[in-house]
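Order-wise, the sequence lines are chains R and E.
Count the first sequence with the numbering used here and you get residues 1 to 364, in order.
Count the second sequence with the numbering used here and you get residues 1 to 364, in order.
Think of the CB as a built atom: it goes at the ideal place given N, C-alpha and C, for glycine as much as any other residue.
I have placed the structure first, in the form of structure tokens, so that the comments after it can refer back to it.
Number of protein chains: 2
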Amino acid sequence: MAVTSHDVARLAGVAQPTVSRALRDAKGVSAATRRRVREAARSLGYVPSQAGRALSTRRSRKIGVISAELSNPFYPALLGPLHDALAGHGYRTVLFTDRGERPVELDPLLDGSLDGVVLTTSERTSSLPGELMARGVPFVMVNRTVDGIEADRCVAGNRVGAAAVAELLAHLGHRRVAAILGPESTSTGQERADGFRDALAHRGIDLPPARMVHGPFDPDTGRRGLIRLISTEAPPTAVFCGNDVIALGALNAAASLGIDIPQRLTIVGFDDIPMAVWEVFDLTTVRVDLPEMARSVAALLVERLATPDAPARSVVLEPRLIMRGTHGPPRRDEEDYESAGPLHQMQPRIVRADTEWGRDASRT
Amino acid sequence: MAVTSHDVARLAGVAQPTVSRALRDAKGVSAATRRRVREAARSLGYVPSQAGRALSTRRSRKIGVISAELSNPFYPALLGPLHDALAGHGYRTVLFTDRGERPVELDPLLDGSLDGVVLTTSERTSSLPGELMARGVPFVMVNRTVDGIEADRCVAGNRVGAAAVAELLAHLGHRRVAAILGPESTSTGQERADGFRDALAHRGIDLPPARMVHGPFDPDTGRRGLIRLISTEAPPTAVFCGNDVIALGALNAAASLGIDIPQRLTIVGFDDIPMAVWEVFDLTTVRVDLPEMARSVAALLVERLATPDAPARSVVLEPRLIMRGTHGPPRRDEEDYESAGPLHQMQPRIVRADTEWGRDASRT
DNA sequence: ACCTAAATTGCATACGTATGCGTGTCAACG
DNA sequence: CGTTGACACGCATACGTATGCAATTTAGGT
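Right under this line is the structure:
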């Protein structure tokens, strides 16, 4: 049924290995032969079998990428650039979905059909990196890391970014501050929580457990979290969200509760996913340069493939506060009068984010 | 490096083919031997090589799925269920991205590494189906179809759905109606436009070219389209959007223009993607049952693989109007007085959509 | 105890490509 | 004119698994 290199060889009047060499532009083939072979291959519509090639070379030029459900918009935003970056190095991307329920299926990662793996969803105690190391499968961790694993990684400066948000809120004059955070079982959830709480404390602002909500990185965490926080006796005047997806959920809850943003409530996210710039959200957030992260990861992995025994490397991307429309000073009548001072007038210079980033992203 | 079936055979004291049979539960292996082999395989951590297996069986149990950029939320909404449905039949999904710029790379679809293909992005004149037929690669078209191709397909009743929207708008009393449509080069774009225009005409409502905008299925089409439509002399009181992604763009533009929805303007989408139910959108739209579509497609493809010569089948899913919060009667002072009648009082019974659908979808 | 049939296992080989190595050809050089 | 390379190409084989077929063992029946 399928046409093989033997068929091409027969038509071109050469041996099969010559076909293999000619079509790959390997040396040892005369220009005339090469031309004949190409012509024969073209006329037969020959396409080299990946299975045969992979078996022979023991390389697939495919990279497995473990992602969460694609309906979580953070992942498409990371995967698009990652796909392109890997393609730039000649690798194809194979997507694996981690639904969180049960651990990722291991066999497809170990059956030799992948040259390497990119982990984006690991929890801090995941055993996956250990398994991969044991089997000698090269891998890189992105965005999230795993406790006690010395391996290539590319992450955002989560503590620094969260601290910048704390600074912003303090400068704006907020004293009753809350947070809707991601799971403590993830490095991003943990680090952003720590960075935020520590920086607040440094400013003399308390973040009591009653004003911290934890949940998965999904909009419903933001919805429920905001409703819970807002229905307390002394509701917060500002809420930091563990990522943008949570923040969008919080904004939705605010909309359905009729809470004016930012007059009545400040909401800040983290990541700057493409939707953050949508007019209905206009979310103030911390930008993680996902295209840059993708490029870093691809580079790390490719170098790892070339030099398997090189020491592990770690890349940290510095995040950047993006001022949009969901932050502002607390309302006077909402302020915590005991500690109210001139602080709330110290509104920082508003740097409007360029609107190009992600504006067209749901198609680009 | 990697452990092969030969290694397992040596440890278990049997021949390699026996290992192959034992681990696949093939007949002709005694229970005792099977146990010994399993034990040996387990202790060595043996994972069968996909390349070897594919080469030998000439089947990969992989299905290629051609999708648009994942940042377009329609595709994750379709791909998630599709992935699950195929997995239910024992097939793994391999994702290919069609960026629209240049045609999809053909070789990876023909190199024998896929048992079948699902097409979701084809334009009406795409040559891809022809190529696949010529090479004998089984495939199914989903959502969109290609002109003149007799092949398995599963699509939504686009004309019917669009006509239902026209009916709704007419009943509400709208006379100045506009549409922001998808590309005429796609079957969905074309059919929804035709269905809408024809049903309006049947109601005596005109849809002049000046009130029709065409563009890619992305939010920016909705943004720009709405701005253009609204800034005309006699702006429409209702806008039908070619899909939800366009509608979300239109809603964003409305938000930034300060247009009250639905008091000032009715906006209706198509597809009912998970985000349509978000409170900030609360989009009235036409539901296409994507999980059902995914199941249909998987079934069609699996049966095609079993019986390659069976006649092509076509499945059409009937869409359903979902009433949410972006539709209403036209404002009195916005009405087209010449044709104003009691029609605008005939508001249909509002059937509130269940909010479960897609509520958690950005994580589910 | 013997014969037959069934069950179990091993042997040989196919799948399609890539590559080390040997052979043959031709040109350049002494 | 003989020698030495360089180059082009074919031969043989490896990669890991699956399968048809033969060989061997086991069970079953009289």
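In the DSSP output, what is Ile66 of chain R paired with across the bridge? Here residue 66 of chain R refers to the residue found at position 66 of the first sequence. Partner(s): R:Phe96, R:Leu119.
Determine which residues share a DSSP beta bridge with Ala238 of chain R and list them. Your numbering for residue 238 of chain R matches position 238 in the first sequence. Note: Ala238 of chain R sits in a beta bridge opposite R:Val177, R:Thr266.
Contact criterion: CB-CB distance below 7 Å. Does Gln50 of chain E meet it with respect to chain R? On the second sequence, position 50 is the one that residue 50 of chain E refers to. So yes, Gln50 of chain E belongs to the interface.
Kindly say whether Asn143 of chain E, judged by its beta-carbon, lies nearer than 7 Å to any beta-carbon of chain R. Taking the second sequence and counting its residues from 1, the one referred to as residue 143 of chain E is at position 143. At a cut-off of 7 Å between beta-carbon atoms, Asn143 of chain E makes no contact with chain R.
DSSP three-state assignment for Val19 of chain R, whether helix, strand or coil: By 1-based counting over the first sequence, the position of residue 19 of chain R is 19. Correct three-state label for Val19 of chain R: helix.
Closest by CA to Gly182 of chain R, which one among R:Asp194, R:Arg175, R:Leu82? The residue given as residue 182 of chain R occupies position 182 in the first sequence. Per the Cα distances, R:Asp194.
Could you name the residues of the same chain whose beta carbon sits closer than 7 Å to that of Asn252 of chain R, not counting the 5 residues immediately before and after it, in chain order? Here residue 252 of chain R refers to the residue found at position 252 when the first sequence is read from its first residue. Within the same chain, Pro219, Arg223 come within 7 Å of Asn252 of chain R by CB-CB distance, once the 5 residues on both sides are set aside.
State the beta-bridge partners of Asp271 of chain E as determined by DSSP. Looking up residue 271 of chain E in the second sequence gives position 271. Paired residue(s): E:Arg287.
CA-to-CA distance, Pro274 of chain R to Ala361 of chain R, given in whole angstroms: Counting from one through the first sequence, the residue named residue 361 of chain R turns up at place 361. Counting from one through the first sequence, the residue named residue 274 of chain R turns up at place 274. Caution is warranted here: a pLDDT of 31 is assigned to Ala361 of chain R, below 50, making its placement in the model unreliable, and the coordinate value is therefore given only provisionally. The alpha-carbon atoms of Ala361 of chain R and Pro274 of chain R are separated by roughly 6 Å.
Leaving out the 5 sequence neighbours to the left and right, which residues in its chain are closer than 8 Å to Asp309 of chain R when beta-carbon positions are compared? Position 309 of the first sequence, counted from the start, is the residue given in the question as residue 309 of chain R. Nothing listed; no residue qualifies.
Under DSSP, the alpha helix (DSSP H) around Ile246 of chain E begins and ends at which residues? In the second sequence, residue 246 of chain E corresponds to position 246, counting from 1. Element bounds for Ile246 of chain E: 244 to 257.
Name the chain R residues that come within less than 7 Å of His83 of chain E, Cβ to Cβ? Position 83 of the second sequence holds residue 83 of chain E. The contacting residues are Thr97.
If the criterion is Cβ atoms closer than 7 Å, does the pair Leu305 of chain E and Val140 of chain E meet it? The count along the second sequence starts at 1 and reaches residue 305 of chain E at position 305. The count along the second sequence starts at 1 and reaches residue 140 of chain E at position 140. Contact: no.
Are the C-beta atoms of Glu39 of chain E and some chain R residue less than 7 Å apart? Along the second sequence, one-based indexing puts residue 39 of chain E at 39. No, its Cβ sits nowhere closer than 7 Å to a Cβ of chain R.
CB contact below 7 Å: Asp336 of chain R versus chain E: Position 336 of the first sequence, counted from the start, is the residue given in the question as residue 336 of chain R. With a pLDDT of 45 at Asp336 of chain R, under the threshold of 50, the modelled position of this residue cannot be trusted; read the value that follows with caution. For Asp336 of chain R, the nearest beta carbon of chain E is not closer than 7 Å to its own beta carbon.
Judging by CA-CA distance, which residue of E:Ala54, E:Thr237, E:Cys241 is the nearest neighbour of Gly225 of chain E? Residue mapping note: residue 225 of chain E aligns to position 225 of the second sequence, counting from 1. Of E:Ala54, E:Thr237, E:Cys241, the residue nearest in Cα terms is E:Cys241.
Residue burial classification, Glu191 of chain E (beta-carbon count within 10 angstroms, cutoff 16): Walking along the second sequence from the start, residue 191 of chain E turns up at place 191. Classified as buried, Glu191 of chain E has 16 or more neighbouring CB atoms from the shown chains inside 10 Å of its CB.
Can you pull the DSSP bridge partners for Leu371 of chain R? The requested residue 371 of chain R does not occur in the structure, where chain R is confined to residues 1 to 364.
If we count Cβ pairs, one from each stretch, closer than 8 Å, do we get three or more for the region 62 to 69 of chain R versus the region 111 to 118 of chain R? Cβ pair count under 8 Å is three or more, so yes.
With distances taken between CB atoms, is the gap from Val315 of chain E to Cys154 of chain E smaller than 7 Å? Reading the second sequence from its first residue, position 315 is the one you call residue 315 of chain E. Reading the second sequence from its first residue, position 154 is the one you call residue 154 of chain E. Against a cut-off of 7 Å, the Cβ pair of Cys154 of chain E and Val315 of chain E comes out as a contact.
Do you know offhand how far Gly341 of chain R's Cα is from Arg332 of chain R's? Counted from its first residue, the first sequence places residue 341 of chain R at position 341. Counted from its first residue, the first sequence places residue 332 of chain R at position 332. Because the pLDDT at Gly341 of chain R is just 39, under 50, the model does not fix this residue reliably, and the value given afterwards should be weighed accordingly. Pairing Gly341 of chain R with Arg332 of chain R, the inter-Cα distance amounts to about 11 Å.
Assuming contact is defined by CB atoms lying nearer than 7 Å, are Ile322 of chain E and Thr285 of chain E in contact in what I supplied? For this step, residue 322 of chain E is matched to residue 322 along the second sequence. For this step, residue 285 of chain E is matched to residue 285 along the second sequence. Taking 7 Å as the Cβ cut-off, Ile322 of chain E and Thr285 of chain E qualify as a contacting pair.
Gly80 of chain E touches chain R at which residues, Cβ-Cβ below 9 Å? For the purposes of this step, residue 80 of chain E is identified with residue 80 of the second sequence, where counting begins at 1. Annotation: Cβ neighbours of Gly80 of chain E in chain R (cutoff 9 Å, chain order): Glu69, Leu70, Ser71, Thr97.
DSSP beta-bridge partners of Ala156 of chain E: Translated into the one-based positions of the second sequence, residue 156 of chain E becomes position 156. Bridge partners of Ala156 of chain E: E:Leu317.
Whole angstroms is fine: what's the gap from Asp206 of chain E's alpha carbon to Gly173 of chain E's? Taking the second sequence and counting its residues from 1, one reaches residue 206 of chain E at position 206. Taking the second sequence and counting its residues from 1, one reaches residue 173 of chain E at position 173. Approximately 14 Å, taken between the alpha carbons.
So, helix, strand or coil for His214 of chain R, using DSSP? Locating residue 214 of chain R in the first sequence gives position 214, where the first residue counts as 1. Strand.
Counting only C-beta atoms, is Pro76 of chain E closer than 7 Å to chain R at any point? Along the second sequence, one-based indexing puts residue 76 of chain E at 76. Chain R, which has a Cβ nearer than 7 Å to the Cβ of Pro76 of chain E, makes this yes.
Minimum Cβ-Cβ distance from Ala306 of chain E to chain R less than 7 Å: Here residue 306 of chain E refers to the residue found at position 306 of the second sequence. False, the Cβ-Cβ gap to chain R never drops below 7 Å.
Since Leu44 of chain E and Val14 of chain E are thought to touch, with beta carbons under 8 Å apart, how far apart are those beta carbons, to the nearest angstrom? Looking up residue 44 of chain E in the second sequence gives position 44. Looking up residue 14 of chain E in the second sequence gives position 14. Cβ-Cβ separation between Leu44 of chain E and Val14 of chain E: approximately 14 Å, too far for a contact (criterion under 8 Å).
Determine the DSSP secondary structure at Phe440 of chain R, reduced to helix, strand or coil. With chain R covering only 1 through 364, there is no way to say anything about residue 440 of chain R.
Out of curiosity, what's the CA-to-CA distance linking Arg313 of chain R and Arg35 of chain E? As a working mapping, residue 313 of chain R is identified with position 313 in the first sequence. As a working mapping, residue 35 of chain E is identified with position 35 in the second sequence. Near 43 Å, if we compare the C-alpha coordinates of Arg35 of chain E and Arg313 of chain R.
At least three beta-carbon pairs within less than 8 Å, the region 117 to 132 of chain R to the region 68 to 87 of chain R: Touching, per the Cβ criterion.
Could one say the Cβ of Ser43 of chain E lies closer than 7 Å to chain R's Cβ atoms, at least one of them? Counting from one through the second sequence, the residue named residue 43 of chain E turns up at place 43. Under the 7 Å criterion on CB atoms, Ser43 of chain E is classed as non-interfacial with respect to chain R.
Work out the CA separation of Ala32 of chain R and Leu11 of chain R for me, nearest whole Å. For this step, residue 11 of chain R is matched to residue 11 along the first sequence. For this step, residue 32 of chain R is matched to residue 32 along the first sequence. For Leu11 of chain R and Ala32 of chain R, the gap between their C-alpha atoms comes out near 15 Å.
Using DSSP with H/G/I as helix, E/B as strand and the rest coil, what is Val37 of chain E? Position 37 of the second sequence, counted from the first residue, corresponds to residue 37 of chain E. Under the three-state reduction of DSSP, Val37 of chain E is assigned to helix.
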